[in-house]
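Those protein sequence lines, which keep their order, are chains Z, X, D and U. Last residue of the first sequence: 355 (our numbering), numbering continuous. Last residue of the second sequence: 355 (our numbering), numbering continuous. Last residue of the third sequence: 355 (our numbering), numbering continuous. Last residue of the fourth sequence: 355 (our numbering), numbering continuous. For each residue, glycine too, the CB sits at the ideal point set by N, CA and C. A short worksheet on the structure shown next.
Protein chains: 4
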Amino acid sequence: MENKIKVGILGATGSVGQKFIELLKNHPWFEIAELGASERSAGKKYSDATNWIMKTPLQKNVADLIVKECLPNFESKLIFSGLDSSVAEQIETDFANAGYFVISNSRNHRFDKDVPLLIPEVNADHLELLNAQPYKGGIVTNPNCSTIGMVLALKPLHDAFKIKKINVVTMQALSGGGYPGVPSMDIIDNVIPFISGEEEKMETEPLKILGKLDNGEIIFENNIKISAQCNRVAVIDGHLETVQVEFETKPTKDEIIAAWENFKGLPQELKLPFAPIKPVHYFSQNNLPQPKLQRDIENGMAASVGRLREDSLFHYKFVVLSHNTVRGAAGGTILNAELLKAKGFLDKILWAEKV
Amino acid sequence: MENKIKVGILGATGSVGQKFIELLKNHPWFEIAELGASERSAGKKYSDATNWIMKTPLQKNVADLIVKECLPNFESKLIFSGLDSSVAEQIETDFANAGYFVISNSRNHRFDKDVPLLIPEVNADHLELLNAQPYKGGIVTNPNCSTIGMVLALKPLHDAFKIKKINVVTMQALSGGGYPGVPSMDIIDNVIPFISGEEEKMETEPLKILGKLDNGEIIFENNIKISAQCNRVAVIDGHLETVQVEFETKPTKDEIIAAWENFKGLPQELKLPFAPIKPVHYFSQNNLPQPKLQRDIENGMAASVGRLREDSLFHYKFVVLSHNTVRGAAGGTILNAELLKAKGFLDKILWAEKV
Amino acid sequence: MENKIKVGILGATGSVGQKFIELLKNHPWFEIAELGASERSAGKKYSDATNWIMKTPLQKNVADLIVKECLPNFESKLIFSGLDSSVAEQIETDFANAGYFVISNSRNHRFDKDVPLLIPEVNADHLELLNAQPYKGGIVTNPNCSTIGMVLALKPLHDAFKIKKINVVTMQALSGGGYPGVPSMDIIDNVIPFISGEEEKMETEPLKILGKLDNGEIIFENNIKISAQCNRVAVIDGHLETVQVEFETKPTKDEIIAAWENFKGLPQELKLPFAPIKPVHYFSQNNLPQPKLQRDIENGMAASVGRLREDSLFHYKFVVLSHNTVRGAAGGTILNAELLKAKGFLDKILWAEKV
Amino acid sequence: MENKIKVGILGATGSVGQKFIELLKNHPWFEIAELGASERSAGKKYSDATNWIMKTPLQKNVADLIVKECLPNFESKLIFSGLDSSVAEQIETDFANAGYFVISNSRNHRFDKDVPLLIPEVNADHLELLNAQPYKGGIVTNPNCSTIGMVLALKPLHDAFKIKKINVVTMQALSGGGYPGVPSMDIIDNVIPFISGEEEKMETEPLKILGKLDNGEIIFENNIKISAQCNRVAVIDGHLETVQVEFETKPTKDEIIAAWENFKGLPQELKLPFAPIKPVHYFSQNNLPQPKLQRDIENGMAASVGRLREDSLFHYKFVVLSHNTVRGAAGGTILNAELLKAKGFLDKILWAEKV
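Structure, rendered in structure tokens:
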């Protein structure tokens, strides 16, 4: 236990913060040492400060931690941030300036020029941006929950066949809206065809993620045109998305399936603890994937694809599913931290810690 | 009462048949006189033969009718068919040959050369096809429940701006799958990204409906390219669809809204009993229409549209909603019958009746 | 229109307030003239101040009303209160003191000695309490939404066979919790076996409602012992309750059914506009009543009962259902007002109005 | 692997059969060797014969088994039966007569004089009945899914304080109705206050389970009076039940909690693989247990209790929850088999197997 890296969690009482805590239980490398939340919670025992909504019980050692304010006076140098976007920008900047490494799930720094918008299987090379960061520490972000699954499915196709157009319509889970989130009276026996800000994220984030490094900068993949339409459905976990795609050269169906089946990235090579064995699982049955049946595949860290078929307006259409609070949020952030650790990016802060 | 037209209902014990019965209660022109169902039900009182699943109570006079077999020996000359597609083809043909006028909700005859695939606001002129039918009676069909709402919304746009491409993704209600339909364990906390045969219907039916009469034949509107993706969601009634559309000339947003607002067809002019005052209702709020909130507009006979916005891959995207068992099935069929009556197409059979 | 009684609604932006507005549309006697809400809303147009969550559209003339603060300076002398219990006590008292007649859905004054806890079919004679009220105006309350349906079903049995014990377990709808109320993530695929304060209300309110007037005071029916257990289920509208009951003398099953079938009260005699024709509907099918199928019976103003059978621990057990936001809240309150009007209790304030 | 006991599963394609298969994956003692189902499925590969509805993927080695007819020609001597009650009676008798040991989840033999109705923590001594069975093999049954959780919670109370009356109202999960079971249109936004045969089971099974052995016979615990009311709610897994109980001597609340906390049975002593560490978990929070939050406690093998409070009609009331397809069906049956194995009851058939 003593050899684990101590981590702090910002926004610890929120739903993303709770998911960090749930997923980090028994993590082989990381150990929760400090929790930060709003002034209102600071000074309380965590179990008193939070309304625990995870399904697995809160681990005793975390329950007893006294919540701190989100000020850069943590002992842990590695910080997971699940802060609300209304406060994340400044707090994360403050921590990074003070020498902390902030691995964030918040959207605020995603488009900072020198901040990687990271999916480890997709653009691990973007970590090079860190060298350009002005911070004593650093900031790494992960994409929006509805972006991650889609980009995991599209990355191997883009590498092989060059994507020109992406059209996506989502049916998104309730847990993506935080807690308390959508009132039950609004969504039982209903669909809400609008999620604030979501379409804009899906139409821009992939361009940065799939961008190329050039002289220490990301050149956005602006050759790809994206249109997104986002809907909220009565599903607890798991974003399902219908995707249509057009390539520079149209591949065969078998070539696409092969690209998915063979897709692997650095997390798989490095056998990172949270890495799925296969980032993308292809299903040939005509009614899969479904949120309830496939969202927990590989502990929620893999995307599932299916219903691949030719399309009359684009080249192909298919369905992709991924677990929005695991791969799409806390789990994805943890994988980001694992990659940073494995690639040595945490050495400067960890070295500091050990002295 | 005596002056009402007596009607028979085929497939009376199924969910579409029940909806016919519910909607025809107090109809000013039509009166249910005979019910047909499978051999298993024939000979029983209707209330004993059916598992009534409508929300409003079964009217007494219909409850007491003795169910008949679906043989062309009905006294009523006007027949509503909610028959299952496994048996509809032959039975409807037999009735039409025997001099009955069959207004059908089944898919079997939809693409017969001389059978109108009718949405009264859209292609009332297609009734001319009836003159070419070889039957002593006649057959008129209505489109699939997921097609009707979309085409109502697209018709005024096509008339004004000429549509070239339609891309649609549906989130369809459970009642569209008949009864018992989707098991609860399969759909609570879930989405099923597949409905057998549905995408094909949506990709072909609009081409006939929007087709032009030429020398007594329909020239399909094959200049329009359509792609459809169909999903089942945990909604009781109301199909919600995201639609993207490209025109020959791109109109302004205001022009589109005006086209919707001003859209009227023959049913409105003729003030048919089941005609909505406005076939299409436009909502400017960014989270409407929603199944639970708008499906019952104009007694379920109007389509609702909203979220109209420019699109990066097509010209515009928007959302359309319509009630799948009312406008999309039994109610639409009744409106078809009303149009036939108002235009005099039932005269030959009604004249026979009166002799 | 001019001859209608002008009414004000307190708590107009909340879910009960909205239901008042929805139900009073086209009311033959009452006309909404003023709306009161919190300071935050006061001064705004109602349509801007409220997040309208009813299914039917907000009537134009109400949408345009300017919201007032809940101060006793209304012109309308008849006041419907849907105020939150955190503020209802004082505001309602202030209005009553100032000469207004407050018909309230809030719980605060329910157990005031001189305030009727009114179900018009059950204890219309309790209106006599009004004579003892110290107010220039008056206050009348209605019971909790889970109490009303049960007492409607029990009143005719108590009259005929004298009830000794009531055991009730509820499965209550989400709309009973107000808006936004229960988060969707908490209730989809779940039951919550707790509703704060609800069991206490069900165990005490019937004792007052079924109490007898004696010298201008209510003698509580303390011979009845009640135990209640309350659960929240994933139903939008309609509280379903399993009830067990023991009598002084055990009646036959047929006697109980007859008591229900023949039950009528003053609202039925007086043919009040919101009175159901039959306050209690008995169903003999073994799987009825169900919230989705029976909640809207008699426009939501009647209770439905079924599954009557002998019990090994009490005399009988049965199931009762009633619509919690109609009969159990706004609709019940409106019926209370109608009774007051019909019995002349509003004359003093209405006379004042007309001068 | 070779040392594991080979087992056959009857009714392998049904929902209980599938749950057996899912739960037996990696079982330390048992290995699935044969699958039996109806004639229609016999001869097919299991993966072709079944519509797999479990959430975890079907293990390869089982998928490839060829389904047999349910005739007593299996090689495996230990048989798990998930047969439908319409066929279970004869088939199970035939297998037992032919020397097989049938551990059944079906209701048919539950009240046979010489057949244990077994909950291992509650009445392990009832296994003595097996000595009186006329079969070359044997039959052991487990109680109905709604009975098991309640009896687990009541057993320690009965031992300590002697129960006289039990009143129970259930809110039962959809998976208890098999597959396809309840249609989604019937249960979304609804409760169904009826489950055929369920109340009778709950009112009689506990009397046998809690009965005493006397001269090789079970003397039913007829001093306990039970009343049950059963409802179906929109929950996937987990039966929630409100229970009221009266004792010979009324204990304190603390005594009841202590009885639950200290409750252990033979499975815990023997550390059987499927035994929960604690059969009953008590929750002091006022809104627990809830199906979604506690059903998976101890892998679904423990009951959860909460909301213990004094009652005005009985001594106490509380809420109990248990996983209906795990503890309440397949998992309970497996625990029964483990107990039989551990107590040596399988020796005669296993010895035969090894010769």
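- Burial check for N231 (chain X): the Cβ neighbour count within 10 Å reaches 16 or more, so the residue is buried.
- For Q285 (chain Z), no beta strand (DSSP E) encloses it, and the DSSP letter there is neither H nor E.
- I187 (chain X) has a beta carbon lying at 8 Å or more from every beta carbon in chain D.
- Taking a beta-carbon distance threshold of 8 Å, N190 (chain D) counts as an interface residue toward chain U.
- Using a CB distance cut-off of 8 Å, I256 (chain X) does not count as an interface residue toward chain U.
- If only uninterrupted beta strand (DSSP E) runs of at least 3 residues are considered, those enclosed by the segment 45-95 of chain Z are 78-81.
- Membership of G36 (chain X) in the beta strand (DSSP E) is indicated by the continuous run 30-37.
- At a cut-off of 8 Å between beta carbons, K55 (chain Z) contacts chain U.
- With fewer than 16 other Cβ atoms from the protein chains shown falling within 10 Å of its own Cβ, P57 (chain D) counts as exposed.
- Comparing alpha carbon positions, the residue from D:P180, D:A96, D:T147, D:Y135 closest to T50 (chain D) is D:P180.
- DSSP, reduced to helix, strand and coil, places F194 (chain D) outside both helices and strands of the structure shown, so it counts as coil.
- What V326 (chain Z) touches in chain D, judged by beta-carbon distance under 8 Å, is nothing: the nearest beta carbon there is about 15 Å away.
- M185 (chain X) carries a helical assignment under DSSP once its states are collapsed to helix, strand and coil.
- The straight-line gap separating the alpha-carbon atoms of L266 (chain U) and E121 (chain U) is approximately 6 Å.
- Judged by DSSP secondary structure, N167 (chain U) falls within the beta strand (DSSP E) whose first and last residues are 163-172.
- According to DSSP, residue pairing for C230 (chain D) in a beta bridge involves D:T170.
- Approximately 14 Å separates the beta-carbon atoms of A37 (chain D) and A63 (chain D); this is outside 8 Å, ruling out the contact.
- Close CB contacts of E203 (chain D) within its chain, under the 8 Å cut and outside five residues either way in sequence, are with I226, S227, A228 (chain order).
- Residue pairing of Y135 (chain Z) in beta bridges, as defined by DSSP: absent, with no partner found.
- In this structure, the alpha-carbon of S196 (chain U) lies about 28 Å from that of G43 (chain X).
- Given a length threshold of 4 residues, each whole run of the alpha helix (DSSP H) inside the segment 245-332 of chain U is given here in chain order: 253-262, 266-269, 291-294.
- A Cβ-Cβ contact shorter than 8 Å links C145 (chain D) with G176 (chain D).
- V7 (chain X): member of the beta strand (DSSP E) spanning 5-10, first to last residue.
- Judged by DSSP in its simplified three-state form, D214 (chain D) adopts strand.
- With the criterion set as a beta carbon lying under 8 Å from some beta carbon of chain U, the members of the segment 215-242 of chain X are A234, I236, in sequence order.
- In the DSSP assignment, the residues bridged to L240 (chain X) are X:M171, X:L321.
- Only residues of its own chain outside the window of five on either side were considered, and among them I103 have a CB closer than 6 Å to the CB of A337 (chain Z), listed in chain order.
- At least one CB of chain U lies nearer than 8 Å to the CB of V182 (chain X).
- According to the DSSP assignment, V16 (chain X) belongs to the alpha helix (DSSP H) that extends over 15-24.
- Per DSSP, the continuous beta strand (DSSP E) segment holding V102 (chain U) begins and ends at 101-104.
- For chain U, the residues of the segment 38-70 of chain Z that bring a beta carbon within less than 8 Å of one of its beta carbons are K55, in chain order.
- Straight-line spacing of the CA atoms in T249 (chain X) and K162 (chain X) works out to 7 Å.
- In the structure shown, I219 (chain Z) falls within a strand segment according to DSSP collapsed to helix, strand and coil.
- Distance check between H126 (chain D) and each of D:E310, D:S86, D:I209 places D:I209 closest, using alpha-carbon atoms only.
- In the DSSP assignment, K225 (chain Z) is bridged to Z:K165.
- Judged by pairs of C-beta atoms under 8 Å, the segment 296-313 of chain Z does not touch the segment 185-193 of chain Z, as fewer than three such pairs exist.
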